[in-house]
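Chemist: The opening residue of the sequence shown carries number 235 in our numbering; numbering runs sequentially from there.
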Amino acid sequence: MKDTELILAIESSCDDTSCAVLRGKQVLSNVVSGQDVHSAYGGVVPELASRAHQAHIVPVVTEALKKAEVSKDDLSAIAFTSGPGLMGSLLVGTSFAKSLSLALDIPLIDVHHMRAHVLAHLIEGDNLKNPEFPFLCLTVSGGHTQIVRVDSPLEMTVLGETIDDAAGEAFDKAAKLLGLPYPGGPEIDRRAALGNPDEITFSKPRVDNLDFSFSGLKTSILYTLQAKLKEDEAYVRDHMDDICAAVQNTIIDILMDKLVKATKQTGIHRVAIAGGVSANRGLRNRLNELSNKNNWELFLPPFEFTTDNAAMIGITGYFMWKAGQVADLSIAAKARMKL
Ligand code: KG4
Ligand code: ZN
235 MKDTELILAI ESSCDDTSCA VLRGKQVLSN VVSGQDVHSA YGGVVPELAS RAHQAHIVPV
295 VTEALKKAEV SKDDLSAIAF TSGPGLMGSL LVGTSFAKSL SLALDIPLID VHHMRAHVLA
355 HLIEGDNLKN PEFPFLCLTV SGGHTQIVRV DSPLEMTVLG ETIDDAAGEA FDKAAKLLGL
415 PYPGGPEIDR RAALGNPDEI TFSKPRVDNL DFSFSGLKTS ILYTLQAKLK EDEAYVRDHM
475 DDICAAVQNT IIDILMDKLV KATKQTGIHR VAIAGGVSAN RGLRNRLNEL SNKNNWELFL
535 PPFEFTTDNA AMIGITGYFM WKAGQVADLS IAAKARMKL
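#1: At what residues does the alpha helix (DSSP H) containing residue 423 begin and finish?
#2: Using the rule of at least 16 other Cβ atoms within 10 Å of the residue's Cβ for burial, across every protein chain shown, is residue 413 buried or exposed?
#3: Can you list, in chain order, the residues of its chain with a C-beta nearer than 8 Å to that of residue 274? Leave out the 5 residues immediately preceding and following it.
#4: From what residue to what residue does the alpha helix (DSSP H) around residue 406 run?
#5: Report the rounded CA-to-CA distance for residue 430 versus residue 533, giving the unit in angstroms.
#6: Can you tell me where the beta strand (DSSP E) holding residue 379 begins and where it ends?
#7: Going along the chain, which unbroken runs of the alpha helix (DSSP H) with 4 or more residues stay wholly within the segment 491-550?
#8: Could you check whether residue 476 and residue 434 sit closer than 8 Å to each other, using their CB atoms as the reference points?
#9: Rounded to whole angstroms, what's the CA-CA distance from residue 280 to residue 527? Just pull it up for me.
#10: Any heavy atom of ligand 1 within a distance shorter than 7 Å of the CB on residue 403?
#11: Can you tell which of 544, 345, 320 has the C-alpha that lies nearest to the C-alpha of residue 282?
#12: Given a cut-off of 8 Å, decide if residue 410 and residue 416 are closer than it, judged by their beta-carbon atoms.
#13: Three or more beta-carbon pairs under 8 Å between the segment 484-494 and the segment 336-351, yes or no?
#14: The beta strand (DSSP E) with residue 343 in it runs from where to where?
#15: Please report the distance separating the alpha-carbon of residue 557 from that of residue 236.
#16: Is residue 351 near ligand 2, judged by its Cβ being under 7 Å from some heavy atom?
#17: In this structure, does DSSP put residue 553 in helix, strand or coil?
#18: What is the DSSP secondary structure of residue 246, reduced to helix, strand or coil?
#19: To which residues of the same chain is residue 385 closer than 6 Å at the C-beta, ignoring the five residues directly before and after it?
Structural data, given as structure tokens:
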């Protein structure tokens, strides 16, 4: 393959339908279509997600080709997310990618969604800073929380991961408990900036090694607030911003504790972050503080490449294709996959 060749990439693992066109490591277009249909339910409804993917995929691919100013006949390969994710959602992208590869007679590349979040850092372009190897990546999204050691585009090792809920899930569950709208992360982020995190304290889990646990946080919030409400029935209403600041701080403390440990254990000081939660302003501030204190080289990706998007699938496809890792039409989507 040449670096001038075009890859079309498709992402449909959860509730965003996305298509990107890359020329080598450069992104020509990256179109993402979200799904509002879930907000009424306070979480992603798998059956509705797969139906929405079916409705969105053709218009999204058409728009990505148009924005990139290329035709489908110019494409050299198709990359798509084969897992992990919601089965019905994955199937839509998988069958679309297979059909296109068959119709155009070009290679098909099956991409791991979590590897792609990490490799989004290798996209080249104006104002994009690419880490050298090895680097550490903290991936924090609605479905996953991992610290990964990256030795090359195709060599990654999970150093720690959540044993229950993901960090984004912890934000969303806390918000639901507080009666805030879904998705809760951005709303807690907004309110936290106005509150005092020291007004109230929630307990943190004790987990060995570099793994995380977030399921106890919801229980701690529930019991702590129940006790407060016994003394003052207007407590939650009067202190909503403070509670959000304390929830956010607790989640950040849990994440940063393990990230600092990982840098010490590995001696790697190049630190990257990925996934939807990396948009959190409190988390970004704390990372900047830690980076100054510990002399880290920090990589904070633009928002466009950190939430679910197809550009990250395209860059991963680029490295896999270069290494000869292509799939055939028997490839199947998988809800669960090891990194
Ligand atoms: O990566 P992502 O878009 O989708 C996947 O889960 O793969 O991540 C979505 C998650 C949701 O849980 C959402 O609440 C959280 O990212 N999130 C945030 C913020 N923006 C999105 N969490 C905290 N602060 C934010 N600003
Ligand atoms: Zn994701």
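Beta carbons: idealized from backbone N, C-alpha and C, even for Gly.
Modeler: Considering the structure as presented:
#1: 418-426
#2: Exposed: under 16 other Cβ atoms inside 10 Å.
#3: none
#4: 401-411
#5: 28 Å
#6: For residue 379, the enclosing beta strand (DSSP E) covers residues 379-386.
#7: 515-528
#8: yes
#9: Between the C-alpha atoms of residue 280 and residue 527 there is a straight-line separation of about 43 Å.
#10: yes
#11: 320
#12: yes
#13: no
#14: 342-346
#15: Whole-angstrom Cα-Cα distance: 12 Å.
#16: yes
#17: helix
#18: coil
#19: 367, 368
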